[in-house]
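Notes to accompany the following structure.
Residue numbers (the working numbering): 2 to 393.
This is how it looks when you write it as structure tokens:
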């Protein structure tokens, strides 16, 4: 057991790494207890700690497992481990004064589906039905929110709505997205060799390359720098794009996009269709994730030259409930989808309601990811078969 634990697996942190409810494991320095962020209990102190020699050796071993080099001359590195978990490591006490550190953000092997997010209360079935229509009809979506608000989880979940044979390209710093599609190219950035710029492949390079590969869906894990302009150029030229951004509101999103280092021209922002604002909140004593609002981009106001937006869904903290579309659908995106598909307003409402009921039933019965994916793909080809199967 100890040979396998220490030489093959994760040594002293094996126990929390085996717990499927662990979201991340972090060490703050020498002889300091390891902290675990648990899905149910939040941030929790453990009885595990490393002394200086142990910790230095452990972070170097983690770096090697991720195929990277860590040394006193190059003391900080990001890695992706074999199980898909994401690690950030530092060595020594020069840049982190309490000693070597590591933070491992766990990779969930089991796919989280839209049905799971509905069951957990993060989204309503109506919101997911709305996003399903957006994904199928090529609308670009940006998930925004703070750290650990669940942006990437939601991005991965709505990606399950992408048609089975569509060509998808994903671009990330470290692998987090997991898709069941076969026609999928997962792109990951690469750091330079030996401290020079030679051999480095950044998000910008991957994105430029992706546009030559004719993707139908382009997914960027997180927008941070100059790749933002290329992403919005891709949206402007008709590539359906999904991404995430670290901000807390729609106004902050527009401001951050417009100013350096992103510097996206306001006229180009019109290509984005939907903002989804997500956050981590307390419901009573329990920490939960909620979608704050789903807002549509209406383009530039011809008089004020500001970006016009319209809230379609909004979360009420007092009641922990959401406002919906209502009897009369007031959504520019849904109106565009109806017009493109030659649907009447009655047909649009029927399509939305059918998807909503299907998602509700799958959430209630807690379907496995395989069953969820099968139902979505069958619905694309033969909706009547799925309706009959679920009794809609």
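Glycine residues also receive a C-beta, built at the ideal position from the N, C-alpha and C atoms. As the structure is a computational prediction, the values presented were derived from the model and not from experiment.
Other residues of its chain near residue i: CB distance less than 6 Å, five sequence neighbours each side excluded
| i | result |
| --- | --- |
| residue 15 | 6 |
| residue 61 | 71 |
| residue 57 | 101 |
| residue 13 | 49 |
| residue 11 | 18 |
| residue 364 | 116, 119, 120 |
| residue 78 | 64, 69, 71, 90 |
| residue 55 | none |
| residue 217 | 167, 168 |
Endpoints, beta strand (DSSP E) assigned at residue i
| i | result |
| --- | --- |
| residue 282 | 275 to 284 |
| residue 89 | 87 to 91 |
| residue 106 | 102 to 106 |
| residue 248 | No beta strand (DSSP E) holds residue 248; DSSP gives it neither H nor E. |
| residue 45 | 43 to 46 |
| residue 81 | 77 to 81 |
| residue 36 | 36 to 39 |
| residue 25 | 23 to 28 |
| residue 186 | 185 to 189 |
| residue 324 | 322 to 324 |
| residue 221 | 218 to 221 |
Whether residue i touches residue j by CB criterion (8 Å)
| i | j | result |
| --- | --- | --- |
| residue 88 | residue 80 | yes |
| residue 228 | residue 204 | yes |
| residue 360 | residue 50 | no |
| residue 142 | residue 274 | yes |
| residue 286 | residue 150 | no |
| residue 232 | residue 221 | yes |
| residue 171 | residue 187 | yes |
| residue 39 | residue 45 | yes |
| residue 167 | residue 184 | yes |
| residue 86 | residue 107 | yes |
| residue 8 | residue 63 | no |
| residue 295 | residue 83 | no |
| residue 314 | residue 305 | no |
| residue 259 | residue 244 | no |
| residue 173 | residue 189 | yes |
| residue 208 | residue 145 | no |
| residue 138 | residue 338 | yes |
Range of the contiguous alpha helix (DSSP H) that encloses residue i
| i | result |
| --- | --- |
| residue 305 | Looking at the DSSP string, residue 305 is not in any alpha helix (DSSP H), and its letter there is neither H nor E. |
| residue 356 | 346 to 365 |
| residue 155 | 152 to 159 |
| residue 173 | Unbroken run through residue 173 is the beta strand (DSSP E), 169 to 173; no alpha helix (DSSP H). |
| residue 136 | 126 to 137 |
| residue 142 | No alpha helix (DSSP H) contains residue 142, which is instead part of the beta strand (DSSP E) from 142 to 146. |
| residue 379 | 370 to 382 |
| residue 115 | 115 to 120 |
| residue 15 | 15 to 19 |
| residue 231 | 228 to 237 |
| residue 73 | From DSSP, residue 73 is part of no alpha helix (DSSP H); its letter is neither H nor E. |
| residue 336 | 333 to 341 |
| residue 270 | It is not in any alpha helix (DSSP H) - residue 270 carries neither H nor E in the DSSP assignment. |
| residue 53 | 53 to 66 |
| residue 7 | Here residue 7 belongs to no alpha helix (DSSP H), and DSSP marks it neither H nor E. |
| residue 206 | 204 to 212 |
Anticipated Cβ contact below 8 Å, residue i with residue j, distance rounded
| i | j | result |
| --- | --- | --- |
| residue 379 | residue 387 | 5 Å |
| residue 290 | residue 123 | 5 Å |
| residue 349 | residue 330 | 7 Å |
| residue 230 | residue 253 | So it is not a contact: roughly 19 Å between Cβ atoms. |
Cβ neighbours of residue i in the same chain (closer than 7 Å, five flanking residues each side left out)
| i | result |
| --- | --- |
| residue 308 | 255, 267, 270, 298, 301 |
| residue 97 | 30, 91 |
| residue 293 | 278, 279, 280, 316 |
| residue 374 | 161, 181 |
| residue 33 | 50, 99 |
| residue 358 | 393 |
| residue 53 | 31, 100 |
| residue 284 | 321 |
| residue 235 | 212, 219, 242 |
| residue 43 | 288 |
Own chain, CB closer than 8 Å to residue i, minus 5 neighbours either side, in chain order
| i | result |
| --- | --- |
| residue 333 | 297, 299, 311 |
| residue 352 | 134, 344 |
| residue 148 | 247 |
Chain D contact for residue i (CB, 8 Å cutoff)
| i | result |
| --- | --- |
| residue 289 | The structure shown contains no chain D, having only a single protein chain. |
*asked:* Three or more C-beta pairs under 8 Å: does that hold for the region 123 to 133 against the region 230 to 247?
replied: no
*Given 8 Å as the limit, is there contact between the region 113 to 121 and the region 159 to 169, that is, 3 or more CB pairs closer than that?*
yes
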